[in-house]
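Residue numbers (this note's numbering), protein chains in the order written: chain Y, 369 to 558; chain L, 11 to 645; chain R, 4 to 518; chain Z, 353 to 453.
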C-alpha cells in the first residue's frame with residue numbers, strides 16, 4: 369500500500385515539476401522545478417530497490433548538473449526573456465502524445481515482454497551497491513573505464529571552451545587581432 | 011593441277027594489289043598492263059583446267075580453315091568441275107578483254123590506277139564466287155563482287171548520280187543478301203554442313219516445306235544479284251559507272267551470279283519443282299518487262315542494261331524449268347555478245363564525247379567501221395538470228411519451255427524475242443545509220459584505238475561461233491547437270507517453230523530499221539501516250555520506291571531520333587534524374603537551419619517509426635487471426 | 004612470373020601511373036607509350052602461354068581477403084576473357100600512341116593507365132566482389148576523361164554516364180549479395196567465388212529474380228535499348244581517346260558479364276528471358292540503325308552504330324549454343340577493333356576541322372585519299388563484309404540464333420541492310436561529291452602518327468577476317484564448356500532442350516532440334 | 353492494487369513526452385538542455401523499473417552510463433553555449449541557422 373501511494377505521489381510530483389520546467393518562461397523557475405523533479409525521480413529508484421542509483425541521481429543531477437547549470441546561467445543575461453515565438457502548440461503536443469501512446473502500445477504487446485531474459489540476476493543477500501559494483505567491475509569494466517575517460521574529456525572540453533580567455537572571445541576576434549594577441553604572448557615569454 | 015587452280019584464282023588478286031600500290035600516284039601504264047597480263051595468266055590457267063575437266067577430272071582442294079566452331083566447319087575450299095570451269099572461262103576471258111580494252115578506254119582518266127585495282131579485285135571476287143565448294147565461300151565472293159561493283163559504279167565519286175547509284179546497288183543487293191544468308195542458315199541447321207556436295211546429298215531426306223524455304227531464300231539472294239523484279243532498279247542506274255565496268259560486271263559476269271547459284275543448286279531445285287516454276291515465271295515476266303522498257307528508252311547504255319535484264323530473265327526461265335545446262339549455255343553466249351555490245355557502246359561514247367542519247371547520233375557507220383561491224387554482230391547474236399550464238403542458246407530455251415508444256419511462258423518468251431530484235435536494231439539504226447545528227451552539236455567522232463578493237467575481236471568471233479560449240483559443251487556439262495534434251499514431238503513442229511521464230515525476229519528487225527533508219531522525227535504525239543510514259547518512266551517503279559520506301563524510311567528515321575529517342579527514351583531518363591533533383595530542391599526547405607524545426611522533424615520521424623513498429627507488433631501478435639481472415643476472403 | 008602474370012598485368016599500369024606523376028611533362032608521352040607497349044607485350048605473352056586445348060580457367064591466383072565472408076582475390080582467364088584482355092591492352096596502346104596534342108597530357112596518360120588497370124581487372128577477376136570493384140572503378144577514369152577533356156556539354160554527359168551506369172550496377176551488387184547469401188544457405192559457407200557459384204543449382208524462381216538484377220547492371224553497360232541514351236552523349240562529348248576506349252572495351256564489359264555471369268549461373272532464366280531479350284536486341288539493331296541514319300554528326304553515326312552492333316552481340320549470346328556464343332564473343336573483339344578504328348578516324352578529321360558535322364565535309368576522297376581508303380575499309384568492316392573481322396562474328400551470332408528463332412533472326416538480319424544504309428550514306432556525304440567548302444580543299448592527309456595507330460587496326464581487321472582460327476579456336480573451347488555447364492545445370496525441361504548437350508552425338512541432336 | 357512494470361513504463365512514457373514537448377516548444381537553448389535532461393531521466397526510470405521487475409541489473413547499469421553521458425554532455429554543451437553566447441549575445445535557437453541547406 370505504501371508503495372502504491374508513494375508511486376502515485378511521486379508520479380504526480382515529477383510530472384508536475386517537469387511540466388513546469390518545460391513551460392515556465394522564467395529560467396530560474398524552470399531550473400528549480402527541474403531540480404525538484406530530479407529529486408523526485410530518485411524516489412522511484414528507491415522504491416525500485418535501486419538505492420545506489422537513487423543516490424547517484426541525487427548527487428550527480430541535483431548536485432553536479434544543476435549546480436553547473438546555475439553557474440552557467442550566470443554567464444547569460446537570464447533576465448532578458450527569449451520570446452517563445454511558437455504559435456502552434458498543436459503539432460508538438462500531438463506528436464508527443466502520439467509517440468507516447470505508441471510506446472505504451474508496443475510495450476503492452478506480449479511479444480516484447482516475453483522475450484526478456486535475465487542475464488545478470490540480482491544476487492540474494494547482497495546490498496544494491498555491492499551488486500552494482502560486482503557487475504560494473506566485471507562485465508562492464510571496459511565501458512566503465514571508457515565512461516571515465518569520456519568524463520575527463522568532457523571536463524577538459526568544458527574548461528577549454530568556457531574558461532579560456534574569459535575576458536576575450538577568440539571566435540569574435542578577427543584574424544589580425546588574434547595574431548597580434550599571440551605576438552604579445554610570445555614577447556612576454558609565454 | 012592445284013597449282014593451276016591457285017594461279018587462276020590468285021593472279022587477279024595479285025594484279026589488284028599491284029595496281030593498288032600505284033593508286034596514290036599519277037597514271038602509270040604499268041598499273042594497267044600488269045593486271046591485264048596476270049588476268050591473261052589466269053585465263054590460260056583456266057583453259058588448262060578446262061582441258062583437264064574435259065578429260066573427266068574434277069579437282070577439289072581445301073586451302074585452309076576459315077571458321078570452325080561448334081559443329082560448324084567452313085574451309086576455304088575450291089572445286090573445279092564442269093560448272094565452275096565454264097564460269098571461270100567466261101569470267102577470265104571477258105575480264106582479260108575488258109582489261110585490255112580499258113587501258114585504252116580509261117586512257118585519259120586521272121584515276122586510271124585505281125580503276126584497274128578495283129577491276130582486278132572484282133575478278134578475284136568473282137573467281138571466289140564461282141570456284142568455292144561451299145555456300146560460305148560463295149557468299150564471300152557474292153559480297154566481294156558487291157563491294158567492287160559499289161566502288162566501280164561510284165568510280166567517278168564526284169558525280170552525285172554515280173555515288174547514289176552505287177549506294178542503291180549495294181543496298182538493294184544487301185536486301186537480297188539477307189535472303190541468301192537466311193538460306194545459308196537454313197541449309198546449315200538442316201544439313202549440318204555448308205559444303206555443296208554434302209548438303210545436296212542430305213537434301214533429298216528433308217521434308218518438302220524445308221526445302222521450299224531453302225529454295226525460296228536462296229533465290230531471293232539470286233534475285234538481288236541478278237536484278238530480278240522487284241530488285242531490278244539498281245541495274246539500270248548502275249550504268250553510271252565506266253562502260254568497261256558495265257560490260258564486265260553488269261552484263262557478262264556479276265549479274266549472272268544468280269543464275270550460277272540456281273544452276274549450282276540444281277539438285278535442290280529439282281526437288282522442288284513448284285519453286286522452279288515460280289522462278290521460270292518470274293524470269294519470263296522479267297524478260298518481257300525489261301524488254302518493254304528498252305523499247306522507248308533514250309539512253310544507249312540503259313537500253314543495253316534492260317536488254318541484259320531481259321536476257322537474265324531468259325536464263326532464269328530456263329533454269330526454273332530444269333534446263334540448267336541451257337541456262338548456263340545462254341549465260342556463256344550472252345556474256346560474249348553482251349560484253350561486245352557494251353564495249354562497242356563504250357567506243358561510241360568515246361567518239362561522241364560521252365553523249366548517251368542515240369537520237370543525237372546517227373550515221374556513225376562511216377567513221378567507226380570496226381565498231382559498227384562488231385555492234386551489229388552483237389545485236390544479231392542478241393536478236394537470235396541463225397547462225398550466231400544467240401540463236402542456239404535462245405532457241406533452246408524456247409524449245410525447253412515448249413517441250414515442258416509451259417505454253418504461256420513459251421509465248422511470253424517468244425514475244426520478247428521479237429521485242430529484243432526490235433530494240434537492238436532500233437539502237438543500231440539510230441547510232442550507225444541515218445543522217446548525221448551529231449553535227450548540230452559540233453562533235454567530231456573518231457574511231458577508238460586499234461588495240462581496243464583487236465581486244466574486242468575475240469568476243470566478236472565467239473559471238474559468231476559459240477553456237478557451234480553447243481554439243482561439246484553439252485557433253486561436258488551434263489556430267490554434272492541433268493542431261494535433258496528437249497525434243498519436240500515431231501520434226502515438223504520443230505521446223506515450223508524454228509523458222510517461225512526466225513521470221514518473227516526478222517520482221518521485228520525490219521520494222522526497227524524501217525522506223526529509225528531514215529529521217530528520225532520526234533514523235534510528240536506518241537510521246538504523250540500513256541503507255542509511252544509508263545514505259546519511259548520504267549513503270550514508275552523507281553518513283554514508287556523513292557516515294558514510298560526511301561522517303562518514309564528517312565522520315566521515320568528522323569522521327570525515331572528526334573521524337574522517340576530524344577523526347578521519349580532520353581526524356582524519361584532525364585525525368586527520373588530531374589525529379590530526384592527537384593525533390594531535393596523542394597525538401598531543401600526542411601533544412602532551414604533552425605534547430606527547433608529540425609527537432610520537430612526528428613520527433614515526427616520518431617512518431618512515424620513508432621507507428622510502424624506498433625503496426626508491426628499488432629500484425630505479429632494477431633498473425634493467426636489475420637491469416638484466417640485472409641483465407642476466408644480467398645475462399 | 005607466369006604464376007602471377009595476371010596480377011602483374013593488372014597492377015603494372017597502376018604502378019606506372021603512380022610513377023607517372025614524377026615523370027617530366029615533356030617525356031610523358033614516350034613514357035605512356037612504353038608502359039602500354041610493355042603491358043601489351045605482357046598480354047601477348049599471356050596469349051602465347053595460354054593453353055588453348057584446355058577449356059577451364061588458367062593462370063589462377065587465389066588469395067583470401069575476407070575469409071569470414073568468402074571474399075577472395077581470385078584471378079583467372081579462359082578463352083573468352085583472354086582476348087578481351089589483349090584487346091584492352093592493345094587499344095590502350097593504340098590510343099596513347101595516337102594521342103594528339105591535348106592540354107594536361109600528363110593527367111590524361113595517368114588516367115588512361117589507371118583505366119587500363121580497371122579494364123584488365125574486370126576481365127581477369129573471378130570473384131564477384133573483386134569484379135564489382137573493378138567494374139565500378141572503371142567509371143572513375145572515364146568520368147574524368149569525359150568531364151575534363153570533353154566538349155561543351157561534358158559535365159552533363161559525364162554525370163549522366165556515371166549515374167546511369169552506377170545506378171545499374173548497384174542493382175547488380177544487390178544481386179551478387181543475394182547470390183552469396185543463397186550460397187551460404189545451401190552450403191553453410193560464404194563465397195563470392197564465381198567458380199563456386201557455378202556449382203550451385205538454383206531453384207527456378209530465384210533464377211528469374213537474380214537474372215533480372217544482374218540484367219539491369221549489364222544492360223545499362225552494354226547499353227541495351229531503352230537504356231542506351233547515355234551513350235550518344237558520352238560519345239558526343241568525350242575526346243577521341245575516350246570514345247575509342249569506351250566503345251572498344253568498356254561496352255564489352257556488359258556483354259562479357261552476360262557470358263560470364265548470367266548464362267552459366269542462371270541457365271533456366273536465360274532460356275526463359277531469351278525471347279524478350281531477343282526482341283529488345285532486334286529493336287536495338289533496327290531502331291538505332293535508323294536513328295544513326297538520321298544523324299548529322301559523323302561521330303554520332305558511329306556511336307549509334309555501336310549500339311546496333313551490340314544488339315547483334317546480345318542476340319548471339321542468347322542463342323545459347325556454341326555457334327552463337329562463340330560468334331558473339333568474337334564479335335566483341337571485332338567490334339572493339341572496328342569501332343575503335345572508326346572513332347580514331349573521326350578524331351582525325353575532327354583534329355583538322357574541329358567539327359564533326361557531315362554537312363561540313365564532302366569530297367574528302369579526293370583531298371585525303373589515304374584517309375578515305377582506311378575509312379572505307381573500316382566502314383566495310385562495320386557493314387559486315389565477308390573477309391573482314393566483323394563478318395565472322397555477325398555471321399556466327401546470327402547463325403547461332405537461327406536455331407532458336409527463324410523470325411527473329413530474319414528481323415535481326417535486317418542489320419546488314421540498315422547497317423549498309425547508314426554507313427554508306429554517311430560515307431557518301433563525307434567523302435564523295437565535289438569539294439564544296441573552301442577550308443576542305445587543303446586538308447593534309449593522315450600523318451605518320453595516325454598511320455601508326457590505324458595500320459595495325461586495318462591489318463587485324465583483315466587478318467582475323469580471313470583467318471579467325473587463332474582466336475576462334477580458344478573461344479570455341481571455352482564456350483563449349485560453358486554451354487555444357489548450362490545444359491547440365493538447367494532445371495526445367497524447356498531449358499534442357501533449348502541448350503544443346505554437347506556430349507551426345509552432335510549432328511543428330513542438332514538435326515533433331517532444327518525440326 | 354499492485355504497481356506493475358506497466359505503471360512505470362507509462363510513467364516513463366509520460367515523462368518522455370513532456371521532454372519532447374519541451375524540445376519542440378522551447379527556443380531558449382538553455383531550456384532545451386533542461387528538456388534533454390527530462391528525456392534522459394524518463395528513460396532512466398524505465399530502465400530501473402525493468403531492472404527491478406526482471407531481476408536483472410543491466411537496466412540499472414545502463415542508467416548509470418546514461419547519467420555519465422548526461423553529465424559530460426552538459427559539460428561540453430554548456431561550454432559551447434557560453435562560447436556561442438559570447439559570440440552572438442543570444443541563446444535564441446532561431447539565431448542558429450548556419451546549417452541552412
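Note that beta-carbon positions come from the ideal geometry of N, C-alpha and C, so glycine has one too. Fair warning: this is a prediction, and the values are worked out from it, not measured in the lab.
Counting only Cβ pairs nearer than 7 Å, list the residues of chain L close to residue i.
| i | result |
| --- | --- |
| residue 437/R | 168 |
If residue i sits next to residue j, beta carbons under 8 Å apart, how far is it from one beta carbon to the other, in whole angstroms?
| i | j | result |
| --- | --- | --- |
| residue 91/R | residue 123/R | 6 Å |
| residue 224/L | residue 278/L | 6 Å |
| residue 135/L | residue 108/L | About 15 Å; that fails the 8 Å criterion. |
| residue 301/L | residue 351/L | The pair is not a contact, with the Cβ atoms about 15 Å apart (cut-off 8 Å). |
Kindly list, in the order they appear in chain Y, the residues whose Cβ is closer than 8 Å to that of residue i.
| i | result |
| --- | --- |
| residue 367/Z | 382, 383 and 386 |
| residue 613/L | 460, 463, 464 and 467 |
| residue 620/L | 466, 467, 470, 471 and 474 |
Using the DSSP secondary-structure output, state which residues sit across from residue i in a beta bridge.
| i | result |
| --- | --- |
| residue 87/L | 72/L |
| residue 77/L | 84/L |
| residue 380/Z | 444/Z |
| residue 61/R | 80/R |
| residue 205/L | 144/L |
| residue 66/R | 76/R |
| residue 360/R | 300/R |
So residue i contacts chain L; which residues on that side make the cut at Cβ distance below 8 Å?
| i | result |
| --- | --- |
| residue 383/Z | In chain order: nothing, as chain L lies at least about 11 Å away. |
| residue 406/R | 199 |
Return the CA-CA distance between residue i and residue j, expressed in angstroms with no decimal places.
| i | j | result |
| --- | --- | --- |
| residue 500/L | residue 402/L | 19 Å |
| residue 445/L | residue 379/L | 16 Å |
| residue 573/L | residue 583/L | 15 Å |
| residue 601/L | residue 608/L | 7 Å |
| residue 149/R | residue 248/R | 11 Å |
| residue 368/R | residue 375/R | 5 Å |
| residue 580/L | residue 254/R | 19 Å |
| residue 424/Z | residue 72/R | 39 Å |
| residue 512/R | residue 194/L | Legend: pLDDT at residue 512/R = 47, less than 50; position of this residue unreliable, no value from coordinates given. |
| residue 306/R | residue 576/L | 15 Å |
| residue 504/R | residue 488/R | 9 Å |
Could you work out which residues of chain L lie near residue i, taking near to mean beta carbons separated by less than 9 Å?
| i | result |
| --- | --- |
| residue 458/Y | Within 9 Å Cβ-Cβ: nothing; residue 458/Y doesn't reach chain L, min ~12 Å. |
List the residues of chain Z whose Cβ lies closer than 7 Å to the Cβ of residue i, in chain order.
| i | result |
| --- | --- |
| residue 609/L | 375 and 376 |
Run through chain Y and tell me which residues come within less than 7 Å of residue i, C-beta to C-beta.
| i | result |
| --- | --- |
| residue 616/L | 467 |
Is residue i near residue j, with beta carbons less than 7 Å apart?
| i | j | result |
| --- | --- | --- |
| residue 466/L | residue 384/L | yes |
| residue 467/Y | residue 616/L | yes |
Would you please verify whether the beta carbon of residue i is less than 7 Å from any beta carbon of chain C?
| i | result |
| --- | --- |
| residue 523/Y | Here chain C cannot be found, since the structure's protein chains are Y, L, R and Z. |
Counting only Cβ pairs nearer than 8 Å, list the residues of chain R close to residue i.
| i | result |
| --- | --- |
| residue 587/L | 163 and 166 |
Residues of chain Z with CB under 8 Å from residue i, in chain order?
| i | result |
| --- | --- |
| residue 526/Y | 427, 428, 430 and 431 |
So with CB distances below 9 Å, who are the chain Z contacts of residue i?
| i | result |
| --- | --- |
| residue 441/Y | 382 |
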